[in-house]
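Here's the structure, in structure tokens; my notes come after.
Numbering (this note's numbering), first residue to last: 41 to 216.
Have a look at this one:
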């Protein structure tokens, strides 16, 4: 069995398709046929079974995000409020955290602040998701400690691409 790759054009994960052209070995996405050289086809090994914690009080959305996360090969962890999300983060040490802004008990901004204050959790990338129509959402999220923000409603493909981008940046480490 060969290596598994992620194609950002069709948002699929599959075996790479090898073919010959002009006597040279080349690779394409097996799903959409995009040449690997132009698609940014990424080897999946950096993302294999990454733990993604999603904290949201909307159980329907939580289920949809969980399904999308698991479909793309990640391990999904879920919590329905800030305090249980923080407890799960401490117990499981996820690779990335998605958090809704408007939740009972503790807002997503507060969750971000708690995560950034914990030495063991402060390096985990955080993506805030919200239905708020506030144009300053991204600024507020960054001030609270989030790395990225995405408004609701969103396409599951968008959230998967953001997760992969955040994990890729985390793997590269801080800028030198």
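A virtual CB, placed ideally from N, CA and C, is assigned to each residue, including glycine.
- For the set 66, 162, 90, the Cα lying nearest the Cα of residue 204 is the one of 90.
- Inclusion of residue 117 and residue 134 in the CB contact set at 8 Å is warranted, their separation being smaller than that value.
- Residue 120 is positioned such that its CB atom lies no closer than 8 Å to that of residue 148.
- With contacts defined as CB atoms closer than 8 Å, residue 190 and residue 166 fail to qualify as a contacting pair.
- Fully enclosed alpha helix (DSSP H) runs of no fewer than 4 residues occupy 122-132 of the stretch 104-142, in order along the chain.
- Assignment of residue 191 by DSSP, reduced to helix, strand and coil, places it in the strand class.
- If you look at residue 205, you'll find it in the alpha helix (DSSP H) that goes 196-212.
- When DSSP reads this structure, residue 89 sits in no beta bridge, so it has no partner.
- Here the C-alpha atom of residue 99 lies approximately 42 Å from the C-alpha atom of residue 58.
- Excluding its 5 nearest sequence neighbours in each direction, residue 132 has C-beta neighbours in its own chain below 8 Å: 91, 93, 117, listed in chain order.
- By the 16-neighbour rule on beta-carbons within 10 angstroms, residue 65 is exposed.
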